[in-house]
Every structure is written in C-alpha cells, then in structure tokens.
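Here the protein sequences line up with chains A and B, keeping their order.
Using this note's numbering, the first residue of the first sequence is number 1, and each one after it goes up by one.
Using this note's numbering, the first residue of the second sequence is number 51, and each one after it goes up by one.
No residue lacks a Cβ here, since even glycine has one placed at the ideal position from N, Cα and C.
Model, not experiment: these values are computed from the prediction.
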Amino acid sequence: MSSGTMFLFLGFSAVWAVLALYMWTLGARQKRLAEDIAMLSDVLEEKREA
Amino acid sequence: MTVAARPSTQPAAERLAALHRGLGWLALPAVIFALYMGLVWAPEERTLGVVQRIFYFHVGSAWNAYLAFFIVFVFSIAYLVRRKDGFDAIAVSAAEVGIVFTVLTLLTGTFWARAVWNVWWTWEPRLTTTVILLFMYIAYLLIRAAAEGSDRRGRLASIFGIIAFANVPLVHFSATWWRGMHPTVIQLDGPAPRLEMDPRMITAMMVGLAALTVVSAYLFVHRLRLEQMTRRVDALKERARLEVEN
C-alpha cells in the first residue's frame, strides 16, 4: 500500500469513526432522556392519583 | 378500500421524528454515491496522487461547519429579537453539529497534510483560524452549560453565537489574505470567482458536498429532537418540584 493510499484510508476511517461515535452519543442521550421523561411522568401521575 | 383521514395538525415532535427517519434513509445512498464518485469516478490528481481524494469530503465538511455556524448566527439574532425557546434550541443543535464538522475538516486536513506537506500540523493561517473557530464554539457550549436560567442562558449564548460567527469569514479568506500554505480552490483574482479543477473533480466535490449536507441535516434533526426532550424533562422536573412544594 502506498503512503498516499494509507493516509487516504486513515483519513476516511477517522471521518466515519467520528460520525459513528457522535451518532452513538446522540442515541445514548436519547435513551436516557426517554427514561427520564417516563420516570417523571410516572411520578407526576402517582402524585395526582394520591 | 377505505382511506383514513390524516389529522390536520400533526404534533411537531412526530413531524420531526418522521423528518429524521426520512433524512436517515436519504443519507445512506447519498454517502455511498458520494464515496463512489470521490474514490472511483473522479480522475486521479497528477501531482498529489490518490490522497487528493480526501478533498471531496474535506470541502463538504468545511461547508457544513460554515452552514451550521450560520444557522447559529441567524437563530441567535432571532432569539434575541423574539425570545422564542425554539430558536435557542435550533441554535444550540446547529452549534454542536458545526463542531462535529469542524473536527472532521481538521481531521481530513491533517491526514492530507501529513501525506503532502510531510507534517501533521502547521500553524499556518487557515489551520490556525479553524482551530480558533472550533474553540469558540466549544466555549459557546460551555457558556450554555455554566449559565443558570433558560432566559439568561439563551441571551448569553445568543450574544456569543453572534460574535463567534465573525470568525467564519476570517477562516474562509485567511488563505488568500495572509497567503498561507493552504491550497485555495476558489480563485478570487479574476472578474468572477472560479474553480480551477477538472470538471469531473468539481462534480465529485459537489456530490460529496450534497451528501454531507444530508448527513449534517440528519444529525441536526436528531440533536434538535434531543433538545426538545431535554426541555420537556426540565418542564416535568419543574412541575414535580411545584407539586412537592404545594
């Protein structure tokens, strides 16, 4: 593999790694927020019933 | 056959979720096509060789960073004028996506620089101003995290978002104003701006730019959905706190 091909490959790998990592963090934050919304809704519902 | 009537007022969150899904399905073939155009279809550059193909994604990344920061600028002004929470949510979402694309611009540039200039990094004007741009928008997010109260946070961030945008034209014109090492794709010395490249390279660059714009829109909509959820969590916490007090 020539050095140009190697740096091209490394450059593209870095791009996809950053994008994949960012998308994973977005997914993880969405999951945590959905859990928080469900938990807080349940707490408020319980208080209303009590 | 029965056709169900579509509700006239679909909730905003559902519309945003549908847009997010649609952009996701559009981004996948767009990226595959852009990879084919940049890595296979476009001719190899005579002096730089195969590593020049990084350029097709480097330009697209830089364009999307500029676009995202322009959105921050516009919606920061809109927030200061109208004080609508939605404008602030759009600005913070765009700032985060802009940071991601600035990182991608710097990364692709670094690999190109190592292959062509034989150094990973040099403090030449375009690179230096880009790093300053990145740090300014990281500071924008830090200001948001430190400020208390949604209105105070929105006002401070909006003022900073407007000031930070002044760096974008500085980054773009730094290569011509201060004659750095960074190549200039758009030539401004004639009567009209022109691209000095093989037409097939221009096509591959435009396809890469369009594909990354779709990816950027997909990430922006996802981030905006999270911002709406964050604000909903804050509202629910406030309601719970008030109910405990009463």
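When you compare each of the options to residue i by their alpha carbons, which one comes out closest?
i: Gly110 of chain B; options: B:Arg203, B:Arg250 and B:Gly258; result: B:Gly258
i: His222 of chain B; options: B:Gly211, B:Ile236, B:Ile212 and B:Phe210; result: B:Ile236
i: Met186 of chain B; options: B:Ala214, B:Val131 and B:Trp170; result: B:Ala214
i: Thr179 of chain B; options: B:Arg281, B:Gly204 and B:Gly230; result: B:Gly230
i: Ala92 of chain B; options: B:Arg273, B:Asn296, B:Met255 and B:Ala261; result: B:Met255
i: Met39 of chain A; options: B:Glu293, B:Glu295 and B:Lys287; result: B:Lys287
i: Leu33 of chain A; options: B:Glu293, B:Arg273 and B:Val294; result: B:Arg273
i: Met247 of chain B; options: B:Leu85, B:Ala63 and B:Glu95; result: B:Glu95
i: Met6 of chain A; options: B:Thr172, B:Ala242, B:Gly136 and B:Gly99; result: B:Gly99
i: Leu8 of chain A; options: B:Arg250, B:Pro219, B:Thr160 and B:Val181; result: B:Thr160
i: Leu220 of chain B; options: B:Phe210, B:Val181, B:Leu192 and B:Tyr190; result: B:Val181
i: Gly11 of chain A; options: B:Ala63, B:Thr97, B:Trp228 and B:Arg103; result: B:Arg103
Cβ of residue i within 8 Å of Cβ of residue j?
i: Val147 of chain B; j: Ala118 of chain B; result: yes
i: Thr158 of chain B; j: Val15 of chain A; result: yes
i: Ala141 of chain B; j: Ala207 of chain B; result: yes
i: Ser266 of chain B; j: Phe151 of chain B; result: yes
i: Ala115 of chain B; j: Val264 of chain B; result: no
i: Asn217 of chain B; j: Leu183 of chain B; result: yes
i: Arg291 of chain B; j: Leu44 of chain A; result: no
i: Arg282 of chain B; j: Ile37 of chain A; result: yes
i: Ala165 of chain B; j: Val90 of chain B; result: no
i: Leu108 of chain B; j: Trp170 of chain B; result: Leu is not the amino acid found at residue 108 of chain B; the sequence shown has His there. Their beta carbons are not under 8 Å apart, which means His108 of chain B does not touch Trp170 of chain B by this criterion.
i: Ala145 of chain B; j: Val122 of chain B; result: yes
i: Ala261 of chain B; j: Phe83 of chain B; result: yes
i: Ala139 of chain B; j: Gln278 of chain B; result: yes
i: Tyr129 of chain B; j: Phe137 of chain B; result: yes
i: Lys47 of chain A; j: Glu295 of chain B; result: no
Would you say residue i faces chain B, with C-beta separation under 8 Å as the test?
i: Asp42 of chain A; result: no
i: Ala38 of chain A; result: no
i: Ala28 of chain A; result: no
i: Ala20 of chain A; result: no
i: Lys31 of chain A; result: no
i: Ser3 of chain A; result: yes
i: Ala14 of chain A; result: yes
Along the alpha helix (DSSP H) that carries residue i, what are the first and last residues, could you check?
i: Ile209 of chain B; result: Ser200 to Phe215
i: Thr263 of chain B; result: Pro249 to Glu295
i: Met87 of chain B; result: Where Met87 of chain B is concerned, there is no enclosing alpha helix (DSSP H), given that its DSSP letter is neither H nor E.
i: Ala128 of chain B; result: Phe105 to Arg132
i: Pro61 of chain B; result: Premise fails: Pro61 of chain B is in no alpha helix (DSSP H) and is neither H nor E.
i: Ala165 of chain B; result: Asp135 to Val166
i: Thr5 of chain A; result: Ser3 to Glu49
i: Pro93 of chain B; result: No alpha helix (DSSP H) contains Pro93 of chain B, which DSSP labels as neither H nor E.
i: Met186 of chain B; result: Pro175 to Ala196
For residue i, would you say it is in contact with chain A, using Cβ-to-Cβ distances shorter than 8 Å as the test?
i: Met87 of chain B; result: no
i: Met286 of chain B; result: Reading off the sequence shown, one finds Leu at residue 286 of chain B, where the question assumed Met. Yes, because at least one Cβ of chain A sits closer than 8 Å to the Cβ of Leu286 of chain B.
i: Glu95 of chain B; result: no
i: Gly148 of chain B; result: no
i: Leu154 of chain B; result: yes
i: Leu269 of chain B; result: yes
i: Ile140 of chain B; result: no
i: Phe105 of chain B; result: no
i: Trp227 of chain B; result: no
i: Val283 of chain B; result: yes
i: Glu295 of chain B; result: no
i: Thr180 of chain B; result: no
i: Gly99 of chain B; result: yes
i: Thr263 of chain B; result: no
i: Met231 of chain B; result: no
i: Trp162 of chain B; result: yes
i: Met255 of chain B; result: no
Within the same chain, show all residues whose beta-carbon is closer than 7 Å to that of residue i, passing over the 5 residues directly before and after it, in chain order.
i: Ala225 of chain B; result: Pro175, Arg176, His232 and Thr234
i: Arg194 of chain B; result: Val142, Arg203 and Ala207
i: Ile127 of chain B; result: Ile212
i: Leu73 of chain B; result: Val264, Ala267, Tyr268 and Val271
Beta-carbon within less than 8 Å of residue i's beta-carbon, same chain only, minus the 5 sequence neighbours each way: which residues are those?
i: Asp284 of chain B; result: Ser200
i: Met51 of chain B; result: Because the pLDDT of Met51 of chain B is 40, which lies under 50, any placement of that residue in the model is unreliable, and the number read from its coordinates should be weighed accordingly. Excluding positions up to five away in sequence, the list is empty.
i: Leu66 of chain B; result: Val271, Leu274, Arg275 and Gln278
i: Lys134 of chain B; result: Ala128
Near residue i, what residues of its chain come up, given a Cβ to Cβ distance below 6 Å and the 5 sequence neighbours on each side ignored?
i: Pro243 of chain B; result: Ile236
i: Leu76 of chain B; result: Val264
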